[in-house]
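So the sequence lines, in the order shown, correspond to chains A and B.
Counted from 1, the first sequence has number 159 at position 159 by the numbering used here; the numbering is strictly sequential.
Counted from 1, the second sequence has number 1061 at position 61 by the numbering used here; the numbering is strictly sequential.
Cβ atoms here follow ideal geometry from the backbone N, Cα and C, with glycine treated the same way.
On a predicted model such as this, the values are computed, not experimentally measured, just so you know.
Below: the structure, in structure tokens.
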Amino acid sequence: MMDEVIKDFDREKKEMKLIDENGKRIDGRSAEELRPVKMKVGVLNRADGSAYIEWGKNKVVAAVYGPREAQPRHIQNPLKGIVQARYNMVSFSVTDRKRPGPDRRSIEISKIISEALEAAVITESFPRTTIDVSMEVLQADAGTRCAGLTAASLALADAGVPMKDLVVACAAGKVDGQVVLDLLKEEDNYGQADLPVAIMPKSEEVVLLQMDGHLTQEEFDRALSMAIEGCKKLYEMQKEALKMSVGGE
Amino acid sequence: MNVIPGEPVGKSAELKAGSGTYEDGDSIYSALVGFKEVRSSYVNVVPIKSVYIPREGDQVIGIVTDIDQSLWVVDVRAPAPSVLHSNDTPWKVDFGDTGSFLTIGDAVLARIKSYDDIGRIQLTMSDRNSRKISSGYVIEIMTTKVAKVIGKEGAMVNAIKKFTGCRIFIGQNGRVWIDGESDGVSKAIMAINKVEKEDVNVEDVEKLLG
């Protein structure tokens, strides 16, 4: 019985085509195309800085508070400030209700996003302080950590936190044996690999790199350079969103 | 011309990195979202929004958040809490008697005595302008709009004072103290918020209040 179910599932997996004969993906994109992205800076009044991003079907709000005194005191660093990011998915962000609160996955994402942002923020200017970044995923469709990080860096810039550069993130992956940019939910679920990358675009320094699945060395190199190209496109959009927020005032 | 973090603002051979910028290799880059400004040999970026960065000598409005035997901890909207020691006040404070002079929630007009490299802030009240605030209202504005609300040689704030009959003091940390008749105070708050958020000049404010 169980064997049959697994066999059925395997067959279904094989039959599910994520890339058609013309090289088009299920949403009509080519292999190197990003989903449509919209960014807006300064969307919340109460936070020191904020940003909102719509990336395909992903919707994420990011807010920044601080720099302010780090509490409890033992987390303070007397030489520099710290960045504490919190990534959270709201219960209605996915099709099956997500049980609210931090879980293994969101704790991990919060940690890596904190570290990615800390690389860009000039923390030495604010010893003993914390800069709190909060990201709420309102709707998820694969690639929320990239969307969250991209929005968080805009929110930091909006808050007037000094940074060496913005941080921008984008994923690449492997679907139907082919390396593609910016996976959506079905591609992430049924594809072979996902590779989120975050960089500081000026220096192309990588501040976040994860891999889920398997890639050969050649595929990895190709996916990495593809993700970096994607990041650069997103960086142009970030620039525009920030300049809009300046002009709007 | 406005710039964003990471955008080049000059070459280090020609200019020096001023506030809101950093040097990397042979170029100077912006660290903030703001406006590029070249003053003498320095290139600065004036931020659009910013936390209050204390400077020695700044007149600020602080709110007492904690009391100790010989000092008060005061919030001045800076990245760190500031300390007002009883020796830096005009009063003769006995050890352990700090609470009878200022208590938690009190607002004070004070001056930044020092702001050191590790982010510690000390306040002083031993000058003529400093005192405890015992009447009126304190509102908050963006720290980057303080200069605009004060105006050239105080033109803007003087106009608001004249037309509302209020006493107004603007702290460098973006806290504004307003005292007077309630009509005047509400008019003054409205005018200050307008100056902070919109592009208005002194004449506009006079017309609005007059």
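Nearest-angstrom Cβ-Cβ length linking residue i and residue j, presumed shorter than 8 Å
i, j, result
"Val1003(B)", "Ser1030(B)", "4 Å"
"Asp132(A)", "Gly66(A)", "5 Å"
"Ala223(A)", "Leu234(A)", "Incorrect: roughly 16 Å between the Cβ atoms, too far for contact."
"Met135(A)", "Gly148(A)", "4 Å"
"Lys1194(B)", "Val1185(B)", "The Cβ separation is near 15 Å, so there is no contact."
"Glu1206(B)", "Arg1175(B)", "Incorrect: roughly 25 Å between the Cβ atoms, too far for contact."
"Ala1107(B)", "Ile1063(B)", "5 Å"
"Ile113(A)", "Ala152(A)", "7 Å"
"Gly1058(B)", "Ile1118(B)", "According to the sequence displayed, residue 1058(B) carries Asp and not Gly. Wrong, their Cβ atoms sit about 19 Å apart, outside the cutoff."
"Gln238(A)", "Thr150(A)", "7 Å"
"Asp1088(B)", "Leu1123(B)", "7 Å"
"Ser1070(B)", "Phe1095(B)", "6 Å"
Proximity of residue i and residue j at Cβ, strictly below 9 Å
i, j, result
"Ile53(A)", "Gln178(A)", "no"
"Lys40(A)", "Ala51(A)", "yes"
"Ala85(A)", "Arg128(A)", "no"
"Asn88(A)", "Ala142(A)", "no"
"Leu166(A)", "Pro1005(B)", "yes"
"Glu124(A)", "Gly81(A)", "yes"
"Val197(A)", "Ala227(A)", "yes"
"Val1202(B)", "Met1156(B)", "yes"
"Leu154(A)", "Val90(A)", "no"
"Leu158(A)", "Lys1049(B)", "The question names Leu, yet the displayed sequence has Asp at residue 158(A). It is a contact, given that the beta carbons lie within the stated cut-off."
"Glu32(A)", "Glu236(A)", "no"
"Val1046(B)", "Gly1010(B)", "no"
"Val83(A)", "Thr144(A)", "no"
"Val1060(B)", "Gly160(A)", "no"
"Asp221(A)", "Asp194(A)", "no"
"Glu1198(B)", "Ser1114(B)", "no"
"Pro1079(B)", "Arg25(A)", "no"
"Leu181(A)", "Ala169(A)", "no"
"Ile1160(B)", "Leu1209(B)", "yes"
"Lys17(A)", "Asp176(A)", "yes"
Backbone secondary structure at residue i - three-state DSSP
i, result
"Phe220(A)", "helix"
"Gln1059(B)", "strand"
"Glu1181(B)", "coil"
"Gln139(A)", "strand"
"Ala205(A)", "The question names Ala, yet the displayed sequence has Glu at residue 205(A). Strand at Glu205(A)."
"Phe1101(B)", "coil"
"Thr1144(B)", "helix"
"Thr1124(B)", "strand"
"Glu249(A)", "Confidence at Glu249(A) is low in this model, with a pLDDT of 44, below 50, so its placement is unreliable and no value can be given for it."
"Ile1004(B)", "coil"
"Ser110(A)", "helix"
"Gly256(A)", "No answer is possible for residue 256(A): it lies beyond the span of chain A, which begins at 1 and ends at 249."
"Asn1044(B)", "strand"
"Asp1204(B)", "helix"
"Asp132(A)", "strand"
9 Å Cβ cutoff, residue i in contact with chain C
i, result
"Lys243(A)", "Protein chains in the displayed structure are A and B, and chain C is not among them."
query = Are the segment 1089-1100 of chain B and the segment 1162-1181 of chain B touching by the rule of at least three beta carbon pairs closer than 8 Å?
reply = The answer is no - the segment 1162-1181 of chain B does not touch the segment 1089-1100 of chain B, with fewer than three Cβ pairs under 8 Å.
request  = Would you be able to state if there are at least three C-beta pairs under 8 Å between the segment 1074-1084 of chain B and the segment 1036-1046 of chain B?
outcome  = Contact check between the segment 1036-1046 of chain B and the segment 1074-1084 of chain B: fewer than three CB pairs, one atom from each, fall below 8 Å, which does not count as touching.
inquiry  = If the cut-off is 7 Å on Cβ atoms, which residues from the segment 105-132 of chain A count as contacting chain B, listed in chain order?
reply    = Against chain B - using a Cβ distance shorter than 7 Å - the residues of the segment 105-132 of chain A are Ile122, Phe126, Pro127, Arg128 and Thr129.
request  = Count the C-beta pairs between the segment 1134-1149 of chain B and the segment 1176-1191 of chain B that are closer than 8 Å, then say yes if the count reaches three, no if not.
outcome  = By the Cβ criterion, the segment 1134-1149 of chain B is in contact with the segment 1176-1191 of chain B, since at least three pairs of Cβ atoms, one from each stretch, lie closer than 8 Å.
query = Looking at chain A, which residues of the segment 1042-1072 of chain B have a Cβ within less than 8 Å of any of its Cβ atoms?
reply = Listed in chain order, the positions of the segment 1042-1072 of chain B with a beta carbon within less than 8 Å of a beta carbon of chain A are Pro1047, Ile1048, Lys1049, Ser1050 and Val1051.
key: Contacting positions in the segment 204-217 of chain A - beta carbon closer than 7 Å to chain B   = Listed in sequence order: no entries.
ask   = the segment 60-73 of chain A: which residues have C-beta closer than 8 Å to a C-beta of chain B, in chain order?
value = For the segment 60-73 of chain A, which is checked against every Cβ of chain B, the residues closer than 8 Å are Gly66, Pro67, Arg68 and Glu69.
task = Quick one: which residues of the segment 163-182 of chain A get their C-beta closer than 9 Å to a C-beta of chain B? List them in chain order.
result = Legend: CB atoms of the segment 163-182 of chain A lying less than 9 Å from CB atoms of chain B belong to residues Met163, Lys164, Asp165 and Leu166.
task = Report the residues of the segment 22-54 of chain A with a CB closer than 8 Å to any CB of chain B, ordered along the chain.
result = Residues Asp48 and Gly49.
query = Which residues, in order along the segment 83-94 of chain A, keep a beta-carbon less than 7 Å from a beta-carbon of chain B?
reply = Listed in sequence order: no entries.
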